[in-house]
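Worksheet: one structure, shown below.
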Amino acid sequence: MKNLDQRNKIIEYSLKLNSTNLSPLRSGNISLRTNEDDKDGYLITPSGKKYETLKPEDIVFMGLNAEVENNDSANKPSSEWRFHRDIYINKKDAQAIVHAHSPHATAVSSHRKSIPPFHYMIALAGGEDIKCAEYATFGTEDLSKNIIKALKKRTACLMSNHGQVAFGKNLEEAFELAQEIENICQQYIIALKIGQPKILSFEEMKKVLAKAKNYKKG
Ligand SMILES: [Zn+2]
């Protein structure tokens, strides 16, 4: 089987979606950038299968130019394959993507607002706030376009009335970022319960972002 290690890695992290409660039941999906038979593309979790039943052959390879209709895999990719593809096309440093309906991020996403810098860890997503992609029906091209817009200079975003998506240079990094986004959303909800939190200034966030960059380099 081609790319067996990558397929197993996707299964390992799909199980973690459930066991860490980052995305309950069949929700969420995971993909990894790869190359099969000289075709650039990505491996992605299939549509409608329970994570605990996944086998390496269930993971679907999609070429970057492929639509579901002309894909020759026996399984259908996740219904959200379109935004995975578009992230790989638009973000050259994206090697892995985690999409989750994590409870707190989903709750915040229903307000359709960016998360302001109430905590400096907002910088983890790459900027001075975390954007929320405008609402569009799941699986559509419109949703994909909205996500790409919200990911401008960012590595993660919320998706209105839906959840969140994060990418990284490998699956560990993308998964950890999705977990961090979920933590930040939980803290934000708690902060809002006791009034309007004070927000860090743009200048302060610029300092934090510069520091985070150096920290990553070191
Ligand atoms: Zn979803």
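Going by the numbering used here, 352 is the number at position 190 of the sequence shown; the sequence numbering is gapless.
Don't be surprised by glycine CBs; every beta carbon is placed ideally from N, CA and C.
This structure is a prediction, so every number in the text was calculated from the model and none was measured.
With DSSP as the reference, label residue i as helix, strand or coil.
i	result
residue 244	helix
residue 186	coil
residue 218	helix
residue 163	coil
residue 237	coil
residue 362	coil
residue 211	coil
Let me see if you follow: with CB-CB separation under 8 Å, is residue i close to chain C or not?
i	result
residue 227	No chain C is part of this structure, which consists of one protein chain only.
Could you give the first and the last residue of the continuous beta strand (DSSP E) run that contains residue i?
i	result
residue 352	Segment 333–355 is the alpha helix (DSSP H) holding residue 352; no beta strand (DSSP E) there.
residue 326	325–330
Which residues mark the beginning and the end of the alpha helix (DSSP H) in which residue i is found?
i	result
residue 229	That residue, residue 229, is in no alpha helix (DSSP H); it is neither H nor E in DSSP.
From the DSSP secondary-structure annotation, give me the bridge partner or partners of residue i.
i	result
residue 198	201
residue 173	In the DSSP output, where bridge partners are listed per residue, residue 173 has none listed.
residue 382	The shown model of the chain, from 163 to 380, leaves out residue 382, and the question about it has no answer.
residue 224	204
Every unbroken beta strand (DSSP E) within the segment 243–321, with a cutoff of 3 residues, ordered by chain: 258–262, 318–321
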